[in-house]
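The structure appears right after this line, and notes come after that.
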Amino acid sequence: MKKSRRTFLKTAVAATLGMPTIIQASALGKNGAVAPSNRLVMGGIGIGPRGRKVLACFLKQPEIQFVAIADAQEERREIVRRLVNREYANEDCYKCRDMFEILEWDDIDIVQITTGDRWHALGTILASKAGKDIYCEKPCSMTVRESQELADSVNRYGRVFQAGTQRRNVDNFQFAAHLAKSGKLGNIHTVHAGILKLVPDLPWLPGEPVPDPYICDWDRWLGPAPWRPYNKKYVQGRWRGHYDFHGGAGLPEWGSHTIDLCQWAAGADGTMPVEYEYEGDTIIGTYESGIKLVLRLSGFKKEGDWSVPGTCPIRFEGDEGWVEAGDHGNVITSHESLLEGKPEESIYGTDPIKHVRDFIDCVKTREKPAANQDITRNGHIACHVAAIGWQLGRKVQFNPITETFINDEEANRMCSRSRRDPWHV
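In the numbering used here, the protein residues as written are 417 to 841.
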């Protein structure tokens, strides 16, 4: 980067008035429930409505001591501060606008990154360099290149990383994937992933007066994204569908979950499809093994012809049977006998409680969690490659070894985006 973290931090601190002294995390406790030596001290970067649901799961874990929130919006900072202070019955949670304060805080072990998509990869890269373990909401990247950079950085600095693709730790989805891999469905030939309707680029909203940076730091909110006139609807969540803020034409929104599960069931966690073709709203990928990956519409309005209830549906087909699963916790199979061993109950597909626990356990053991950086790299690249072909409106071929399109410079140019100064890595 053109600015060092320390230079950036000094600039930010100098510009911020009335900032309280940072309390050392080692001095904080959860009423002695866990010995200080066993605590995992945690900070948050960008925590909105979804982030608060994830944070609530972290706060239920006895090892976790959440000490600080960094967010570009004061309203969100204050909501998190109050939530944490209410949990710990104190007033110790620190809030700030600048994520570098969190990253420079030596006592912090792990960070939760639940910003908008534009910050996910860069935030993870910076947190890795700062020696933090990371739980990052999905989609974790805006491009093929960011998917590579994220995984490379986590591996280079030896960090534990978990993407927020929590369905890997949801009972009914796990059952479906294990069933596909068990051989009980015969040879798997087709895996189906539910996706939302793709959106190439929505019209930009009209510019509005920029608020006081303490209320909403628009420059920090944008981060690596190109400069764009402020509109309050962006910071209220209406950034989705706008090219500068949302990668892959929106395909990774659900595809980061459902394609990820299909890769798992197809035994393709270490690779990705080598070819994509397009039939209307359906995208058909083909793995080198010959297995087909079918991306089919599935949305909040029950688009498509899925039989399984719930959002983010998946279907795995073999030559002896099939299985479907969705967010409502259910499993449907071609034969009732295939349901043997099915969990009696399953948490809802959007619930990250078991995913958070998996991450914490791996932070302690230094093992790789279910949605680690390498699995995330391949699943996200599969999403972005499918979206690029869709945007080009034609068949594309991809080399999973070099992670480049084959004889297709037009498509290869779409694998990366430039970052706004000073956010270069």
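No residue lacks a Cβ here, since even glycine has one placed at the ideal position from N, Cα and C.
Where residue i sits in the DSSP three-state scheme
i	result
Q440	Bear in mind that a pLDDT of 47 at Q440, under 50, signals an unreliable position, so the model cannot answer this.
N828	helix
Y510	strand
Y694	strand
V710	strand
N454	helix
T606	strand
E733	strand
Y703	coil
T727	coil
A684	coil
T820	strand
I518	helix
V841	coil
V570	helix
N-terminal and C-terminal residue of the beta strand (DSSP E) that residue i is part of
i	result
N815	V812 to N815
I480	I480 to A486
Exposure of residue i, with buried meaning 16 or more beta-carbon neighbours within 10 Å
i	result
R493	buried
H751	exposed
G686	exposed
R572	exposed
K708	buried
W620	exposed
K476	exposed
G464	buried
N788	buried
Residue i, enclosing alpha helix (DSSP H) - first and last residue
i	result
I675	L667 to A681
Y504	E490 to Y504
F661	Run containing F661: none; DSSP gives neither H nor E here.
Q590	D587 to S598
V470	P465 to L475
Spatially closest choice to residue i from the options, by CA coordinates
i	options	result
I550	F474, T559 and I699	F474
W839	P759, I763 and G539	G539
E756	V747, T674 and L519	V747
I524	I461, M830, G664 and I675	I461
Y764	A741, I675, S563 and K784	A741
E760	C678, Y692 and V586	V586
I604	S453, W680 and W535	W680
P725	T530, P668 and N588	N588
Min CB distance residue i to chain D below 8 Å
i	result
S834	In summary, chain D is missing from the structure at hand, where a single protein chain is found.
Legend entry - Complete beta strand (DSSP E) runs within the segment 740-806 (minimum length 3 residues, chain order): Runs of the beta strand (DSSP E) inside the segment 740-806: 747-749.
Legend entry - Ordered list of alpha helix (DSSP H) runs contained in the segment 608-654, each at least 4 residues: 634-638, all fully within the segment 608-654.
Inset, instruction - Output the residue ranges of the beta strand (DSSP E) runs that lie fully inside the segment 536-562 and measure 3 residues or longer, sorted by chain position. - result: 549-552, all fully within the segment 536-562.
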